[in-house]
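Colleague:
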Amino acid sequence: METTENKKELLRGGQFLVKEIKAEDVFTPEDFNEEQKMMRDSVKEFVDREVWPKKEEFEKKNYALTEEVMTKAGELGFLGVAVPEKYDGLGMGFVSTMLVCDYISGASGSIATAFGAHTGIGTLPILLYGNEEQRKKYIPKLATGEWFGAYCLTEPGAGSDANSGKTKAELTEDGKSYKINGQKMWISNAGFASVFIVFARIQDDKNITGFIVEYDKENPNGITFGEEEKKLGIHASSTRQVFFNDTVVSTENMLSERGNGFKIAMNALNVGRIKLAAASLEAQRRVTDVAVKYANDRVQFKTPIAKFGAIKSKLAEMATSAYVGEAACYRAAKNIDDRINLRLEAGESHSDAELKTFEEYAIECSILKVACSEDVQNCSDEGIQVLGGMGFSADTPMESAWRDARIARIYEGTNEINRMLAVGMLIKKAMKGHVDLLGPAQAVGEELTGIPSMDKPDFNELFAEEKEMIKKLKKVFLMVAGSAVQKFGQDLEEHQQLLLAASDILIEAYMAESGILRAEKNVKRFGEDAQKEQIAMAKLYLYHAVDTVNQKAKEGIASFAEGDEQRMMLMGLKRFTKYDRMPNVVELRNTIAEKLTSENKYCF
């Protein structure tokens, strides 16, 4: 088990918004220890051997190949990274869990989905909510790949509204079992799973209940399956409807307590969200690799297209989203790791430590899920564009990467749901006193009505202006969200378009800050000359973030403020999004692209 480096005070979830974060206090991919680097390299080697060369087979819907790769991953221990050693896992920390999920997921969306569904929502509900007998019975088989797991929550009438499912669980007359009847859909791994986490309603309970249901082909126990779904992407990911017809489940297989299913489902999704963000990273690296190599090789007008500004722009933006995504994902992963370890040191059980921590950082999990799933889609889209006609051809990996990326914005809660959750959870934390938003929001209000300082700040030090800009972006969120809460109170959740705009401000502030802090930390240890491209990526991402914040804040302010209040807030917005020295965006992109093309790969 990885231990905390020191006993420094850890940020609570959401506190990044109101605290100044120092570069030395964030974890970056450059901080991986030797064990983590070895794990990363072994996963990459496995994927390059077992997955990447067989992409064509995955696109032909070779479900057996997916099961075969998953079995091999289990034999190598990759399925049990997050599982304690006493259940036959590797017992590694959350950073290592993220790292394995990251590097195993980039070559094929089908493997990414199978791996994510099995190690996340197929295993974690038992690990986190199961009793000791259930854990001993199921977790070792799931950790080693002897059995595979699936998660049965969604129904034809219950998607985002997960608690509205109609599947029923009825207690038998002898009181020893439940009979489950109902229909589940979009079930990943359904075609080869031996263990299903099934959510059903007992009588007229307000909330659903979770059950562990075994499946044996020789004794199907009333479980039948629909045909494999025809999907836009993730072609070799087994996705089927699952039907339960008087499926008998022992009362001993109830997961946690009656009516606790909705809580189980939501907390399992928190972990799934941040792991989905990690699963989007290696896909961006590989897509960028392919695009860079093609741009160097493709000659038009007697010149490699990598020399053209239009292509340089695309390559630079693709690399930038991957670099900042890495920074944000591993920053949050280490926060989670440290918090889990502090709880363990305080004597909490493994399951309680993880459950409370993932709930604590639910805001960051939603932020990362949204940002990285949208970045991987944009990256693959631009990858197709760099390759032109070849990008549209199934003979290159770009079109499958684009199709596979599309699902990431839908599962683990749609990006719209996650955007609203991020802001909603932050406001709830503020109401409970876990994050002090009221004080900083009032301070921003006073700043708006006060006389602006005419002092010229000294921005000569590297990142001085960028860090000041991050502070101002956070002020924009406090201004918009604070005013919206004052105006609408508890009814704010009904104003979804306003919540969506506010969440984009929150997301951009976190992501941009992560990029700046990663680059700053690495400049301090490796020197400015060695990090000039990373500096350029951090600045380029922030430039776009400022634009997005400006646009979304305007939209929000116009939707709920009028007259003098609106004018004052728009003036504040102008002040909070104004650069003293605007970056040379073309120069930043050229710096990044020239490094990529000289190395002929994503090299950060």
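In full-length UniProt numbering, the protein residues as written are 1 to 604. No residue lacks a Cβ here, since even glycine has one placed at the ideal position from N, Cα and C.
#1: Per DSSP, proline 304 forms a beta bridge with which residues?
#2: State yes or no: is the C-beta of serine 366 within less than 8 Å of the C-beta of leucine 421?
#3: Less than 8 Å between the beta carbons of alanine 158 and serine 188, yes or no?
#4: Please state the DSSP three-state secondary structure of aspartate 204.
#5: The alpha helix (DSSP H) spanning lysine 574 covers which residue range?
#6: Taking DSSP as the reference, what is the three-state secondary structure of tyrosine 579?
#7: Using a Cβ cut-off of 8 Å (strictly closer), state whether leucine 276 contacts chain B.
#8: Residues in its own chain within less than 6 Å of residue 613 by CB, not counting five upstream and five downstream?
#9: Enumerate in chain order the residues of its own chain whose CB-to-CB distance from tryptophan 402 is below 7 Å, with the five nearest sequence positions on each side excluded.
#10: If you compare alpha carbons, which of Leu437, Arg339, Val287 is closest to lysine 314?
#11: Which whole-angstrom value describes the C-beta separation of alanine 502 and valine 523, a residue pair presumed to lie in contact below a C-beta threshold of 8 Å?
#12: Buried or exposed for glutamate 85, please, with buried defined as at least 16 other CB atoms from any protein chain shown within 10 angstroms of its CB.
#13: Using the rule of at least 16 other Cβ atoms within 10 Å of the residue's Cβ for burial, across every protein chain shown, is serine 110 buried or exposed?
#14: Bridge partners for arginine 240 per DSSP, in chain order?
#15: With three or more C-beta pairs closer than 8 Å as the rule, is the region 503-514 touching the region 403-423?
#16: Report all residues from its chain with a CB closer than 7 Å to the CB of phenylalanine 463; omit the five preceding and five following residues, and keep chain order.
#17: Indicate the three-state DSSP secondary structure (helix, strand or coil) for glutamate 528 in the structure shown.
#18: Tell me, please, which residues DSSP counts as bridged to glutamate 214.
#19: So, with DSSP's three-state summary, where would you put lysine 7?
#20: How many angstroms separate the CA atom of phenylalanine 392 from the CA atom of methionine 318?
#21: Rank Met582, Val485, His434 by C-alpha distance to the C-alpha of glutamate 466 and give the top, closest one.
#22: Identify the residues that DSSP records as bridge partners of asparagine 219: which are they?
#23: Within 10 Å of its beta-carbon, does glycine 556 have 16 or more other beta-carbons around it, so buried, or fewer, so exposed?
#24: In three-state DSSP terms, what is cysteine 329?
#25: Out of curiosity, what's the CA-to-CA distance linking lysine 176 and serine 96?
#26: With contact counted as at least three CB pairs below 8 Å, one residue from each stretch, are the region 537-549 and the region 320-330 in contact?
#27: On a Cα-Cα basis, can you pick out the residue from Val476, Gly413, Ala333 that is closest to cysteine 101?
#28: Relative to the C-alpha of alanine 107, which candidate in Val51, Val83, Val81 has its C-alpha closest?
#29: Out of curiosity, what's the CA-to-CA distance linking glutamate 493 and lysine 60?
#30: How is alanine 346 classed by DSSP in three states: helix, strand or coil?
#31: Apart from the five residues on each side of it in sequence, which residues of its chain come closer than 6 Å, Cβ to Cβ, to threonine 66?
#32: Decide if threonine 28 is buried, meaning its Cβ has at least 16 other Cβ atoms within 10 Å, or exposed.
#33: Looking at the structure shown, is cysteine 152 part of a helix, part of a strand, or coil, going by DSSP?
#34: Can you tell which of Ala277, Asp564, Glu468 has its C-alpha closest to the C-alpha of leucine 448?
#35: What does the alpha-carbon distance come out to for the pair residue 618 and leucine 344?
#36: Mind checking which residues open and close the beta strand (DSSP E) that includes alanine 484?
Modeller: From the atom records:
#1: Here residue 304 refers to the residue found at position 304 of the sequence shown. Answer by DSSP bridge pairing, in chain order: Val299.
#2: Residue mapping note: residue 366 aligns to position 366 of the sequence shown, counting from 1. Residue mapping note: residue 421 aligns to position 421 of the sequence shown, counting from 1. Taking 8 Å as the Cβ cut-off, serine 366 and leucine 421 qualify as a contacting pair.
#3: Position 158 of the sequence shown holds residue 158. Position 188 of the sequence shown holds residue 188. With contacts defined as CB atoms closer than 8 Å, alanine 158 and serine 188 fail to qualify as a contacting pair.
#4: Start at 1 with the first residue of the sequence shown, and residue 204 comes out as number 204. The three-state secondary structure of aspartate 204, taken from DSSP, is coil.
#5: The count along the sequence shown starts at 1 and reaches residue 574 at position 574. Here the alpha helix (DSSP H) through lysine 574 covers 563-576.
#6: As a first step, residue 579 must be located in the sequence shown, where it is residue number 579. Coil, per DSSP.
#7: No chain B appears in this structure, which consists of one protein chain only.
#8: Within the shown structure, residues of the chain are numbered from 1 to 604, placing residue 613 beyond reach of any answer.
#9: Taking the sequence shown and counting its residues from 1, the one referred to as residue 402 is at position 402. Closer than 7 Å at the Cβ level, and outside the excluded window around tryptophan 402, lie Ser380, Asp381, Ile384.
#10: Locating residue 314 in the sequence shown gives position 314, counting from the first residue. The shortest Cα separation from lysine 314 among Leu437, Arg339, Val287 belongs to Val287.
#11: If you number the sequence shown from 1, residue 502 lands on position 502. If you number the sequence shown from 1, residue 523 lands on position 523. Between valine 523 and alanine 502 the Cβ distance is about 32 Å, and since that is not below 8 Å, they are no contact.
#12: One-based indexing of the sequence shown puts residue 85 at position 85. That one is exposed.
#13: Position 110 of the sequence shown holds residue 110. Classification of serine 110: buried, given that the 10 Å Cβ count is 16 or more.
#14: Taking the sequence shown and counting its residues from 1, the one referred to as residue 240 is at position 240. For arginine 240, which the question treats as bridged, DSSP gives the partners Ile187.
#15: Judged by Cβ distances under 8 Å, the region 403-423 makes contact with the region 503-514, as three or more pairs qualify.
#16: The count along the sequence shown starts at 1 and reaches residue 463 at position 463. The beta carbon of phenylalanine 463 lies closer than 7 Å to those of Ile516, Glu520 in the same chain, with the five residues before and after it left out.
#17: The residue given as residue 528 occupies position 528 in the sequence shown. Here glutamate 528 sits in coil by DSSP.
#18: Within the sequence shown, numbered from 1, the residue matching residue 214 stands at position 214. BP columns for glutamate 214 point to Val195.
#19: As a position in the sequence shown, residue 7 is number 7, starting the count at 1. Annotation note: pLDDT 45 at lysine 7 (below 50); position unreliable, coordinate value reported separately. It is coil, neither helix nor strand.
#20: Mapped onto the sequence shown, residue 392 falls at position 392. Mapped onto the sequence shown, residue 318 falls at position 318. Approximately 18 Å between the Cα atoms of the pair.
#21: By 1-based counting over the sequence shown, the position of residue 466 is 466. Among Met582, Val485, His434, the Cα nearest to that of glutamate 466 is on Met582.
#22: If you number the sequence shown from 1, residue 219 lands on position 219. Partner(s): Asp216.
#23: As a working mapping, residue 556 is identified with position 556 in the sequence shown. With a 10 Å radius around the Cβ and a threshold of 16 neighbouring Cβ atoms, glycine 556 comes out buried.
#24: As a working note, residue 329 is residue 329 in the sequence shown. Note: cysteine 329 maps to helix in three-state DSSP.
#25: Numbered from 1 along the sequence shown, position 176 holds the residue referred to as residue 176. Numbered from 1 along the sequence shown, position 96 holds the residue referred to as residue 96. Computed Cα separation, rounded: 41 Å.
#26: Taking 8 Å as the limit for Cβ pairs, the verdict is that the region 320-330 does touch the region 537-549.
#27: Position 101 of the sequence shown, counting from 1, holds the residue named residue 101. The shortest C-alpha to C-alpha distance from cysteine 101 to any of Val476, Gly413, Ala333 is the one to Ala333.
#28: Residue 107 sits at position 107 when you count from the first residue of the sequence shown. Selected option, being the one with the closest Cα: Val51.
#29: Against the sequence shown, residue 493 aligns to sequence position 493. Against the sequence shown, residue 60 aligns to sequence position 60. Using only the alpha carbons, I get a separation of about 44 Å.
#30: As a position in the sequence shown, residue 346 is number 346, starting the count at 1. Looking at alanine 346 - three-state DSSP - the assignment turns out to be coil, as it is neither helix nor strand.
#31: What you label residue 66 is simply residue 66 of the sequence shown in a count that begins at 1. Answer for threonine 66: Ser110, Ala114, Ala236, listed in chain order.
#32: Counting from 1 along the sequence shown, the entry for residue 28 is found at position 28. Buried.
#33: For the purposes of this step, residue 152 is taken as residue 152 along the sequence shown, with counting starting at 1. In the structure shown, cysteine 152 sits in a strand (DSSP, three-state: E or B).
#34: The count along the sequence shown starts at 1 and reaches residue 448 at position 448. The candidate whose alpha carbon is nearest that of leucine 448 is Asp564.
#35: Past the boundaries of the shown model lies residue 618; the chain is included only from 1 to 604, so the question cannot be answered.
#36: Walking along the sequence shown from the start, residue 484 turns up at place 484. For alanine 484, there is no enclosing beta strand (DSSP E); the residue is part of the alpha helix (DSSP H) that begins and ends at 464-488.
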